[in-house]
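Student: Heads up, the working numbering is the position in the first sequence plus 106, with the first residue counted as 1. Just so it is clear, CB atoms sit at the ideal spot from N, CA and C, and this is done for glycine as well. Below is one structure. I have some questions about it.
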Amino acid sequence: MSQLSITVDGRAVSVTDDQRPTHLFAESKEIVVCKINGELKDLWTDLKEGDVVEGVSISSPEGLSVLRHSTAHVMAQAVQQVFSQTRLGIGPPITDGFYYDFDPERPFNPEDLEKIESAMRKIVKDGQRFRRRVTNEADALKELAHEPYKCELIGIKSGAGEEASVEVGGAELTIYDNLGRDGQPVWSDLCRGPHLPSTKHIPAFKLMRSAAAYWRGSEKNPMLQRIYGTAWPSQEELTSYLELLAEAEKRDHRRLGTELDLFSFPEEIGSGLAVFHPKGGIVRRAMEDYSRKRHEDEGYEFVYSPHLTKAALFEKSGHLQWYSEGMYPPMVMDEELHADGTIKRAGQQYYMKPMNCPFHNLIFASRGRSYRELPIRLFEFGTVYRYEKSGVIHGLTRARGFTQDDAHIYCTKDQMVGELDSLLTFVLNLLRDYGLEDFYLELSTRNPEKSVGEDSDWAEATEALRKAAVAQNLELVLDEGGAAFYGPKISVQAKDAIGRTWQMSTIQVDFQLPQRFELEYSATDGTRQRPVMIHRALFGSIERFFGVLTEHYSGAFPPWLAPVQVTAIPVAEAFADYLASVVKEFKAAGIRIDLDASDDRMQKKIRNAQMQKVPYMLIAGEEDQQAGKVSIRYRNGEQKNSIAVADAITEIRSAIADRKQV
RNA sequence: GCCCCCCUAGCUCAGUCGGUAGAGCGUUUCCAUGGUAAGGAAAAGGUCACCGGUUCGAUUCCGGUGGGGGGCUCCA
Numbered sequence: 107m108s109q110l111s112i113t114v115d116g117r118a119v120s121v122t123d124d125q126r127p128t129h130l131f132a133e134s135k136e137i138v139v140c141k142i143n144g145e146l147k148d149l150w151t152d153l154k155e156g157d158v159v160e161g162v163s164i165s166s167p168e169g170l171s172v173l174r175h176s177t178a179h180v181m182a183q184a185v186q187q188v189f190s191q192t193r194l195g196i197g198p199p200i201t202d203g204f205y206y207d208f209d210p211e212r213p214f215n216p217e218d219l220e221k222i223e224s225a226m227r228k229i230v231k232d233g234q235r236f237r238r239r240v241t242n243e244a245d246a247l248k249e250l251a252h253e254p255y256k257c258e259l260i261g262i263k264s265g266a267g268e269e270a271s272v273e274v275g276g277a278e279l280t281i282y283d284n285l286g287r288d289g290q291p292v293w294s295d296l297c298r299g300p301h302l303p304s305t306k307h308i309p310a311f312k313l314m315r316s317a318a319a320y321w322r323g324s325e326k327n328p329m330l331q332r333i334y335g336t337a338w339p340s341q342e343e344l345t346s347y348l349e350l351l352a353e354a355e356k357r358d359h360r361r362l363g364t365e366l367d368l369f370s371f372p373e374e375i376g377s378g379l380a381v382f383h384p385k386g387g388i389v390r391r392a393m394e395d396y397s398r399k400r401h402e403d404e405g406y407e408f409v410y411s412p413h414l415t416k417a418a419l420f421e422k423s424g425h426l427q428w429y430s431e432g433m434y435p436p437m438v439m440d441e442e443l444h445a446d447g448t449i450k451r452a453g454q455q456y457y458m459k460p461m462n463c464p465f466h467n468l469i470f471a472s473r474g475r476s477y478r479e480l481p482i483r484l485f486e487f488g489t490v491y492r493y494e495k496s497g498v499i500h501g502l503t504r505a506r507g508f509t510q511d512d513a514h515i516y517c518t519k520d521q522m523v524g525e526l527d528s529l530l531t532f533v534l535n536l537l538r539d540y541g542l543e544d545f546y547l548e549l550s551t552r553n554p555e556k557s558v559g560e561d562s563d564w565a566e567a568t569e570a571l572r573k574a575a576v577a578q579n580l581e582l583v584l585d586e587g588g589a590a591f592y593g594p595k596i597s598v599q600a601k602d603a604i605g606r607t608w609q610m611s612t613i614q615v616d617f618q619l620p621q622r623f624e625l626e627y628s629a630t631d632g633t634r635q636r637p638v639m640i641h642r643a644l645f646g647s648i649e650r651f652f653g654v655l656t657e658h659y660s661g662a663f664p665p666w667l668a669p670v671q672v673t674a675i676p677v678a679e680a681f682a683d684y685l686a687s688v689v690k691e692f693k694a695a696g697i698r699i700d701l702d703a704s705d706d707r708m709q710k711k712i713r714n715a716q717m718q719k720v721p722y723m724l725i726a727g728e729e730d731q732q733a734g735k736v737s738i739r740y741r742n743g744e745q746k747n748s749i750a751v752a753d754a755i756t757e758i759r760s761a762i763a764d765r766k767q768v
């Protein structure tokens, strides 16, 4: 036995050559994997002279991934225990958890998941060691002959498919064996690793759901059954994760839409087509009114365009060529047929509009334009219809009919930089006014394979977007090659109250449409120039933004958006008349107030208003009536007594005017 | 579009191993006049999503359609 000189967490140490990282970190339970010379490795890895070893905690991002990937292995083993005829796909870690794809004899049901989960608990309890074993292609193919999907992965290893990187990838082909108490393998899986030292290092996990997924993510491949699970460094973290999910479910805008009587999706109308009820209508109108006002201040002009157009317009814009699947099919008008059914007169095809830009372009092109008019900013709450695939429709956030807060800016090249800069500031400030505070930006750049336009134009526009983004002092994420073919884009991602990110606004430069529509203006020297066109939507769609805000506020809208701002509650019926006169004053002050004159008891009325998430309750009984005052009860349960009516009105009006949350 | 699951009163859900159904909340009426999150009683309310098949008989079993959910793929 000889000595090795190595570095452990920055300290030089000397160890015998039979020592492995698992021994070095034996004292620290949270160290479950390590980096050796910068590479993530198992704790069972052999050490060499001069190795630089760092412990990696189970709570670090890398540690969590290893934990979750190892849990995925445990799940796969359990599945094959319970359903021996199941073939394995892949099983990577994902945000908050992991999944594993299987090809079972029949799809899994919830009872199956319980069985699998208890088999997993047993495996965890067994404390099976994960052992890495290097193999080669021929041996692996032989050993895994009964696993066709694994064999396929070995086959594509040379191609180094991204999605297969957890299983293969890397320089060597490796198999991980799970060793039982007697040191003999009980289960094996093709895997790159690394893994936890043993299954007993899995502190807390839970299987979440099963669903289907295409093998290797392609519609053309067979459908596999995917089981999702989650795993955490402690039971407490698992519990708080599950609580977060429960909280998200409570905030689900589809559920709140029913509970608060905001909107619905009547089956009679069709999938993905919403109606807004009176209360939802108030919220929506408040959102729109404020947006309209701010756009006015910002120099936008308001236009309107029809929901229908002849096919020629979308042929000109190109939408029919590349987007017809996403459009509702055409209506054929004025077609005349002969008695034998042949066409006598060809009809005219009309389409529902999936976008507003072509209409705005026609407005721009309706007469000659001078550089003196630019920039021209045309704004419309434009309702569009897109035939989304049935499986993707989701409440208000992914609908088939929705209204964009859409605007198109036509400017000169010289104006572009300033325009983008002020636009982004405008967008972010407006989102802040609606109560979103936490943003990051994403810049999508050109994909050279699939794009139109001059290199210099792309470079210039991308740089202008980048500058505008940097000026905001927000985190900027680069989405290399992610732009649509017609121009670069910035999107604003916003975090909601429980930390979920939503893509909100997009700002996009377009090199395609000005050409297709031959848009021009007269420049100072009298020449005809092509304007730069910028597409932008702040909400994306009003419906979607409505859904996001509903979830962000959990239905407890700030007073300026709340459908009912105040509920007036008499302590007893005798005081209803007095409160009715107070209510009149509030109404005269422009406050949305309801008097609850039902024969419920006061306690019940408070409960009802509370459940409807009304920001203020106005309560009055004997004492208040005598003094000509009211009590204010706030949504959080706090209370202010004996407030003069005029003072109450002032307080509530200013909260509304300032768009404060209470 | 694909895979799996679901659709029972306005809402949330029981239930019927095939013999046409029940609760709570809500609604209506009555009683109660109550100072900070559910006072009491009675009543009304259902082609068990729709269409077809099997059956003496279907809400229940089978098939199709519509709608919804969870994923996958997609989102100009």
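Helix, strand or coil for Glu442, going by three-state DSSP, please let me know.
Tutor: Taken through DSSP and simplified to helix, strand or coil, Glu442 comes out as strand.
Student: Is the distance from the Cβ of Ser777 to the Cβ of His466 below 9 Å?
Tutor: As shown, the chain starts at 107 and ends at 768. That puts residue 777 outside it, with no answer to give.
Student: Where does Gln521 fall in DSSP's three states?
Tutor: If DSSP states are grouped into helix, strand and coil, Gln521 belongs with the helices.
Student: How about Val490 and Pro460: are their beta carbons less than 9 Å apart?
Tutor: yes
Student: Straight-line CA distance for Arg622 to Thr673?
Tutor: 55 Å
Student: Tell whether a beta-carbon distance below 9 Å holds between Val498 and Pro669.
Tutor: In this structure, Pro669 does not lie closer than 9 Å to Val498 by Cβ.
Student: How would you call Thr531, buried or exposed, if buried means at least 16 neighbouring beta carbons within 10 angstroms?
Tutor: exposed
Student: Return the residue from the list His359, Ser166, Leu194 and Cys140 that minimises the CA-CA distance to His179.
Tutor: Leu194
Student: Only counting the same chain, and skipping five residues up and downstream in sequence, which positions put a Cβ closer than 8 Å to that of Gln618?
Tutor: Gly424, Val558, Gly559, Phe591, Tyr592 and Gly593
Student: Tyr429 lies in the beta strand (DSSP E); which residues open and close that run?
Tutor: Element bounds for Tyr429: not the beta strand (DSSP E) but the alpha helix (DSSP H), His425 to Tyr429.
Student: Under three-state DSSP, which class holds His500?
Tutor: strand
Student: Rank Gly727, Val688, Asp702 and Pro664 by C-alpha distance to the C-alpha of Tyr740 and give the top, closest one.
Tutor: Per the Cα distances, Pro664.
Student: Work out the CA separation of Tyr516 and Glu744 for me, nearest whole Å.
Tutor: 51 Å
Student: Hey, which unbroken runs of the beta strand (DSSP E) at 3 residues or more fall wholly within the segment 386-426?
Tutor: 414-416
Student: Keeping to the same chain, check which residues put their C-beta closer than 6 Å to that of Leu667; ignore five residues upstream and five downstream.
Tutor: Val389 and Ala392
Student: Apply the 10 Å Cβ neighbour rule to Leu537 and answer buried if 16 or more other Cβ atoms are within range, or exposed otherwise.
Tutor: Note on Leu537: 16 or more other CB atoms within 10 angstroms of its CB, so buried under the neighbour-count rule.
Student: To the nearest angstrom, report how far apart Ser476 and Ala629 are at their CA atoms.
Tutor: 7 Å
Student: Starting from Tyr546, trace the beta strand (DSSP E) both ways and give me its first and last residue.
Tutor: Asp544 to Ser550
Student: Got a sec, what are the start and stop residues for the beta strand (DSSP E) Gln578 sits in?
Tutor: Unbroken run through Gln578: none, as it is neither H nor E.
Student: Could you give the distance in angstroms between the alpha-carbon of Asn714 and the alpha-carbon of Ser687?
Tutor: Asn714 and Ser687: Cα-Cα distance of roughly 22 Å.
Student: Three-state secondary structure (DSSP) at Tyr434?
Tutor: coil
Student: Put His383 into one of helix, strand or coil per three-state DSSP.
Tutor: coil
Student: Rounded to whole angstroms, what is the Cα-Cα separation between Met717 and Ile738?
Tutor: Distance between the alpha carbons of Met717 and Ile738: 17 Å.
Student: Decide if the segment 281-298 is in contact with the segment 227-236; the criterion is three or more beta carbon pairs, one per stretch, under 8 Å apart.
Tutor: As far as the Cβ criterion goes, the segment 281-298 touches the segment 227-236, which means the pair count is three or higher.
Student: For Asp241, which residues from the same chain have a beta carbon less than 6 Å from its beta carbon, with the 5 sequence-adjacent residues on both sides left out?
Tutor: Per the sequence shown, residue 241 should be read as Thr rather than Asp. Same-chain partners within the cutoff: Leu279 and Ile281.
Student: What residues in its chain sit with their C-beta under 8 Å from that of Ser264, if we drop five residues either side in the sequence?
Tutor: At Ser264, the pLDDT of 48 sits below 50, so the modelled position is not reliable and the matter cannot be decided from this model.
Student: For Arg111, is the classification buried or exposed, using 16 other Cβ atoms within 10 angstroms of its Cβ as the cut-off for buried?
Tutor: Sequence check: residue 111 is Ser here, not Arg. That one is exposed.
Student: Please report the distance separating the alpha-carbon of Ala270 from that of Ile196.
Tutor: Unreliable positioning characterises Ala270 in this predicted model, as indicated by a pLDDT of 43, which lies under 50. A coordinate reading is not provided.
Student: Around the Cβ of Asp520, are there at least 16 other Cβ atoms within 10 angstroms (buried) or fewer (exposed)?
Tutor: exposed
Student: Quick one, are the C-beta atoms of Arg398 and Phe408 less than 9 Å apart?
Tutor: yes
Student: Taking DSSP as the reference, what is the three-state secondary structure of Phe189?
Tutor: coil
Student: Compute the Euclidean distance between the alpha carbons of Trp855 and Pro309, then round it to the nearest angstrom.
Tutor: Beyond the ends of the chain as shown, which are 107 and 768, falls residue 855; an answer cannot be given.
Student: Closer than 7 Å by C-beta to Ala182: which residues in its own chain qualify, once you throw out the five before and the five after it? Chain order, please.
Tutor: Leu194, Gly197, Tyr206 and Asp295
Student: Can you tell me which of the three DSSP states Cys140 falls into?
Tutor: strand
Student: Under a three-way DSSP split, which group does Asn284 fall into?
Tutor: In the structure shown, Asn284 sits in a strand (DSSP, three-state: E or B).
Student: Counting only the same chain and skipping the five closest in sequence on each side, list residues whose C-beta sits under 7 Å from that of Glu494.
Tutor: Gly378, Arg504 and Arg506
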